[in-house]
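Undergrad: Using my numbering, the first residue of the sequence shown is number 1, and each one after it goes up by one.
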Amino acid sequence: MIARLLFGSAATHRRRRRFMAEDSERQDERLPADARLDHLEQRLAEAQRREAVRTGTKPASDANEQLGQKVLATLIGGLVGGTLIGWLLDKLLGTWPMLFITLMVLGTASGFWSIIKMSNSNGKRDL
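1. Provide the residue span of the alpha helix (DSSP H) that contains A35, from first to last.
2. Among the residues of its own chain, which have a CB less than 6 Å from the CB of S110, if the five just before and after it don't count?
3. Sorted by chain position, which residues of the same chain lie with C-beta nearer than 8 Å to A21's C-beta, five sequence neighbours on each side aside?
4. Could you check the C-alpha separation between W113 and W96 for me, to the nearest Å?
5. Is it the case that the Cβ atoms of I115 and V80 are separated by a distance below 8 Å?
6. The alpha helix (DSSP H) spanning A63 covers which residue range?
7. Rounded to the nearest angstrom, how far is the Cβ of M104 from that of G82, given a contact under 8 Å?
8. Alpha carbon to alpha carbon, how far is A60 from G94?
9. Identify whether A109 lies in helix, strand or coil by the three-state DSSP scheme.
10. Using the Cβ count rule (16 or more neighbours within 10 Å means buried), how would you classify G86?
11. Report the rounded CA-to-CA distance for L44 versus G56, giving the unit in angstroms.
12. How many angstroms separate the CA atom of A33 from the CA atom of E46?
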């Protein structure tokens, strides 16, 4: 009697289970195994996206993405830094295109040099 009050009757349990099964998205049994796996992966990715939105977190970036961002920032930083310093020195010294162009090229070269050093140091770490 107490168990029936706490947990409900078996019929209620069967009804609840039936409604839960109807509410969930079921995979189509007629699809081939590969298509069902793809559908499962899509549902999993969507569930992870909804969970990230619900909790306010974003998925962590992997090491390759971080390295790509570092390479891009190094290249752009060298180019922009050299260009700005060259422009500023040209304005101060009155030698308009000379230092601008020279330091822009040197900034770009230093950006590429830093990227080469990064790639060499990452290769040695993997060994």
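The C-beta atom is built at its ideal place from N, Cα and C for all residues, glycine as well.
TA: If we stick to the structure as given:
1. Reading the sequence shown from its first residue, position 35 is the one you call residue 35. Per DSSP, A35 belongs to the alpha helix (DSSP H) from A33 to T55.
2. One-based indexing of the sequence shown puts residue 110 at position 110. These residues qualify, in order along the chain: G78.
3. In the sequence shown, counting from the first residue as 1, residue 21 sits at position 21. Any reading at A21 must be qualified, since the residue scores a pLDDT of 45, below 50, and its modelled position is unreliable; no value is offered.
4. Here the question's residue 113 lines up with position 113 in the sequence shown. Here the question's residue 96 lines up with position 96 in the sequence shown. Roughly 27 Å between the two C-alpha positions.
5. Against the sequence shown, residue 115 aligns to sequence position 115. Against the sequence shown, residue 80 aligns to sequence position 80. Not closer than 8 Å, so no.
6. The count along the sequence shown starts at 1 and reaches residue 63 at position 63. Note, A63: alpha helix (DSSP H), A63 to L93.
7. Mapped onto the sequence shown, residue 104 falls at position 104. Mapped onto the sequence shown, residue 82 falls at position 82. Between G82 and M104 the Cβ distance is about 5 Å, and since that is below 8 Å, they are a contact.
8. Counted from its first residue, the sequence shown places residue 60 at position 60. Counted from its first residue, the sequence shown places residue 94 at position 94. Using only the alpha carbons, I get a separation of about 49 Å.
9. As a first step, residue 109 must be located in the sequence shown, where it is residue number 109. Note: A109 maps to helix in three-state DSSP.
10. In the sequence shown, counting from the first residue as 1, residue 86 sits at position 86. By the 10 Å Cβ count, G86 comes out buried.
11. By one-based count along the sequence shown, residue 44 stands at place 44. By one-based count along the sequence shown, residue 56 stands at place 56. Whole-angstrom Cα-Cα distance: 18 Å.
12. The residue you call residue 33 lines up with position 33 of the sequence shown. The residue you call residue 46 lines up with position 46 of the sequence shown. Cα to Cα, the separation comes out at about 20 Å.
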